[in-house]
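Below is one structure; the comments refer to it alone.
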Amino acid sequence: MATTELINDYTGPVVLFDGAGAVQMANGLAKPIISALAGGPGATLRGMLDDALKGGGVASKRLNLPIPTGDGVFDVTLLPEGAGEGETPSRVLLLARDSTFDVNFGRALVASRQLFKDLVACSADFVWETDADGCFTFVSGRGLLGYTPDELDGRPARDLLADGEDHDASEAALNPFESLAHLDEVECWLLDRDDARTCVRASCLPVFDDDGTLQGVRGVCRDITSDKQRQAALNRAREREQLTRSIVDSIRDALTPEEMFTAAAAATATAMAASHIWILRDDKAGGLHLTADRIARNAPILDIFAEAQGTFSGDPERVHHTVLDGHQILLVPCHFRYQPKGVLAVAMEDTGDTDALEEAVTTLLDIASQLGIAMAQAEIQERLEELSTVDELTGLLNRRGFYESVGKRIAQHQRTGRVGVLLYIDLDYFKSVNDNHGHQAGDAALVAVAEILRGDGDSRQGDIVGRLGGDEFAIWLEETERGGGLHKAEELLEKASGLRKYSGDEDHPLGFSVGIAVVDPDFDDDLDRMIFHADRALYRAKRGGRGQAVLAERDDDELGGSEEKEAQAC
Numbered sequence: 001m002a003t004t005e006l007i008n009d010y011t012g013p014v015v016l017f018d019g020a021g022a023v024q025m026a027n028g029l030a031k032p033i034i035s036a037l038a039g040g041p042g043a044t045l046r047g048m049l050d051d052a053l054k055g056g057g058v059a060s061k062r063l064n065l066p067i068p069t070g071d072g073v074f075d076v077t078l079l080p081e082g083a084g085e086g087e088t089p090s091r092v093l094l095l096a097r098d099s100t101f102d103v104n105f106g107r108a109l110v111a112s113r114q115l116f117k118d119l120v121a122c123s124a125d126f127v128w129e130t131d132a133d134g135c136f137t138f139v140s141g142r143g144l145l146g147y148t149p150d151e152l153d154g155r156p157a158r159d160l161l162a163d164g165e166d167h168d169a170s171e172a173a174l175n176p177f178e179s180l181a182h183l184d185e186v187e188c189w190l191l192d193r194d195d196a197r198t199c200v201r202a203s204c205l206p207v208f209d210d211d212g213t214l215q216g217v218r219g220v221c222r223d224i225t226s227d228k229q230r231q232a233a234l235n236r237a238r239e240r241e242q243l244t245r246s247i248v249d250s251i252r253d254a255l256t257p258e259e260m261f262t263a264a265a266a267a268t269a270t271a272m273a274a275s276h277i278w279i280l281r282d283d284k285a286g287g288l289h290l291t292a293d294r295i296a297r298n299a300p301i302l303d304i305f306a307e308a309q310g311t312f313s314g315d316p317e318r319v320h321h322t323v324l325d326g327h328q329i330l331l332v333p334c335h336f337r338y339q340p341k342g343v344l345a346v347a348m349e350d351t352g353d354t355d356a357l358e359e360a361v362t363t364l365l366d367i368a369s370q371l372g373i374a375m376a377q378a379e380i381q382e383r384l385e386e387l388s389t390v391d392e393l394t395g396l397l398n399r400r401g402f403y404e405s406v407g408k409r410i411a412q413h414q415r416t417g418r419v420g421v422l423l424y425i426d427l428d429y430f431k432s433v434n435d436n437h438g439h440q441a442g443d444a445a446l447v448a449v450a451e452i453l454r455g456d457g458d459s460r461q462g463d464i465v466g467r468l469g470g471d472e473f474a475i476w477l478e479e480t481e482r483g484g485g486l487h488k489a490e491e492l493l494e495k496a497s498g499l500r501k502y503s504g505d506e507d508h509p510l511g512f513s514v515g516i517a518v519v520d521p522d523f524d525d526d527l528d529r530m531i532f533h534a535d536r537a538l539y540r541a542k543r544g545g546r547g548q549a550v551l552a553e554r555d556d557d558e559l560g561g562s563e564e565k566e567a568q569a570c
């Protein structure tokens, strides 16, 4: 009775065999073993039992036996009873322990560890572990930032921080390798083996013991430096695109080339944080002229024109760089269809930031290409305006061009009190040239008159010459008083002697008469009023014998239109 209770109360499988190997008694847990003995899987167990019954003594072995859920693992021990060594026992007691769970659990742990190792080996992330002191205790096989695992083993992780010298224990929360909290996808900057700054994205989990004491930190990090650089490059490209678009919009919305380039200079200065912007264009005489600029308040005066002249015909894909008075000067030629159109120059304070300088160079090349197009468009626009304001025969301003240019000057003089003189010129006996020699000879005479009035290079900058129609011409003398106007008229009359060869006949020598009007700030004169006074003086010159100059007086009598036309037709 006691044996039965012991067998039933045993926590593992128990089988009691008699001397012939038959089962005398077994508990419920022994069913898999009894079933195995009856079939093929129990061959090893039957062999062990036979040996024990023959006096083989105690035997132990781990056996794989079938169970309802698959293969089971049992640690089996056979204990012979009632016989000495070498004697046949009267009974054999089988004690077993079901180790299926332990074995499977161990196998799962091994498989899990191997899976972890394989994933770590294949992953682009760096897996690491630090101890309570923040020193590396594990780094995945790829290493970290150019270091091998052996080089990092035992090394303080804070040494890798880009600002590691500023870190101490009180700042551990800023350090993922010593973090007291779970961090997910945080970015930090580390120094690689070559001391280059590297950006990593890290996630970490601190490990505490039962008392809440930090034992270390485990985590992963990924080098995202290339991603950051690509994103930064993309952002810079987007900013350059926006800048280029703003300049294009400024150019498109402008009505005149002057407005166009002024807007472009302003947009460029703002976008590039430049202290100086110069836009220079080809003057068609081998030089450059300043079209627009933008200079910050209190910025120093910088002379870049010699550098710009040297850059003008250079490579449009290359930015010329120099340093002047503490400023980085960047100059790039503006081309359109491989033809130089001008130069864009930028000055920025020299901060020593090479990355910012490289970005400025790239931006400048983009802007210059757009300005090259704008300059070509401006040339076309100016050419069209020139065709609409220039007399085709003589190359002088036509009536429209003369009225627009001189009208602005007179209005400005009225506001500022400055002086100026208008010479109103009408040819003498020009009708005789056409009547006797034809209109071709008349055209040649008009061209000769234009050359005299233009001055062949001795005219002053600011003076304006125009053909108002037929044989009527006019000259605006900038910053000139009445004495200067009379002197200029006398010079022209002397040169008019060269026109005699174009005369219709000896009795009607070709020449001209001049009426002179002076801007008087005391009177609200516009160009029409000035021409009115000059025309009155011209009439007096005609009536006085032609070939002379007469200064208009404010009290000139207004003459009848028929008398005037009769005088000027001769």
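Following my numbering, the numbering of the sequence shown begins with 1 at its first residue and continues without gaps. Each residue gets a CB set at the ideal place from its N, CA and C atoms; glycine is no exception.
Beta-carbon separation (whole angstroms), V390 vs L527, contact threshold 8 Å: Going by Cβ atoms, the distance from V390 to L527 rounds to 18 Å, so no, they are not a contact pair.
R529 by DSSP, collapsed to three states: which one? Here R529 carries a helix assignment [DSSP, helix/strand/coil].
By Cβ distance below 6 Å, which residues in the same chain neighbour H533 in space, the five residues on each side in sequence not counted? A517, A552
Do you know how far the Cα of T130 is from the Cα of F136? A straight-line Cα-Cα distance of about 4 Å links F136 and T130.
In whole angstroms, give me the CA-to-CA distance for G56 and V92. 11 Å
In DSSP terms, what D366 is bridged to: Answer by DSSP bridge pairing: none, since D366 is not bridged.
Give the secondary structure of R467 by DSSP, where H, G and I count as helix, E and B as strand, and everything else as coil. Of the three classes helix, strand and coil, the one that applies to R467 here is strand, per DSSP.
Please check the pair Q242 and A132, which I expect to be a contact at CB under 8 Å, by giving their CB distance rounded to whole angstroms. Q242 to A132, Cβ: 51 Å. No contact.
Which residues in the same chain as C199 place their Cβ atom closer than 7 Å to its Cβ, once the five residues preceding and following it in sequence are excluded? Counting only Cβ-Cβ distances below 7 Å, and skipping sequence neighbours, we find E187, W189, I224, T225, K228.
What are the partner residues of I279, as DSSP defines its beta bridges? Under DSSP, the beta-bridge partners assigned to I279 are A292, L344.
Is there contact between the region 487–503 and the region 393–409, where contact requires at least three CB pairs shorter than 8 Å? no
If you reduce the DSSP assignment to three classes, tell me which class N64 lands in. strand
If you run the structure through DSSP and keep just helix, strand and coil, what is S513? If DSSP states are grouped into helix, strand and coil, S513 belongs with the strands.
Give the DSSP-derived three-state secondary structure of I224 in the structure shown. Here I224 sits in coil by DSSP.
Run the CB neighbour count on R281, radius 10 Å, all protein chains shown included, and call it buried at 16 or more, exposed below. buried
Which residues does DSSP list as the beta-bridge partners of F136? Note: F136 sits in a beta bridge opposite T130.
Going by DSSP, what residues sit across from S203 in a beta bridge? V220
Taking the alpha-carbon positions, what's the F17 to L94 distance? Distance between the alpha carbons of F17 and L94 is about 8 Å.
Under three-state DSSP, which class holds T262? helix
Comparing alpha-carbon positions, which option in L180, R554, A347 lies nearest D325? A347
Kindly give me the distance between the Cβ atoms of V514 and Y424, rounded to whole angstroms, as I take these residues to be in contact under 8 Å. The C-beta separation of V514 from Y424 comes to about 7 Å, placing the pair in contact by the 8 Å criterion.
Once DSSP output is grouped into helix, strand and coil, what is the label at Y403? helix
Pop quiz: G547 and L493 are said to be a contact at Cβ under 8 Å. What is the actual Cβ separation, rounded to whole angstroms? Contact holds; Cβ gap of about 6 Å.
Inter-residue CB distance, A273 and S250 (contact presumed, cutoff 8 Å): The pair is not a contact, with the Cβ atoms about 18 Å apart (cut-off 8 Å).
Where the alpha helix (DSSP H) through E479 begins and ends: DSSP places E479 outside any alpha helix (DSSP H), giving it a letter other than H or E.
Looking at A59 and A52, is the spacing between their C-beta atoms short of 8 Å? yes
Excluding the 5 residues flanking D463 on each side, which residues of the same chain have their C-beta closer than 7 Å to its C-beta? I475, W476, L477, E478
Buried versus exposed call for A38 [16 or more other C-beta atoms within 10 Å across all chains shown]: exposed
What residues in its chain sit with their C-beta under 6 Å from that of L468, if we drop five residues either side in the sequence? Take L468, set aside five residues on each side of it, and the residues of its chain with a beta-carbon closer than 6 Å to its own are R399, A474, in chain order.
Quick check on Q461: does DSSP put it in helix, strand or coil? coil
According to DSSP, is Y502 helix, strand or coil? helix
Taking the alpha helix (DSSP H) that Q440 belongs to, which residues open and close that run? 439–454
If you check the beta carbons only, do D192 and G146 fall under 8 Å apart? yes
Continuous beta strand (DSSP E) stretch holding E185: start and end: 183–191
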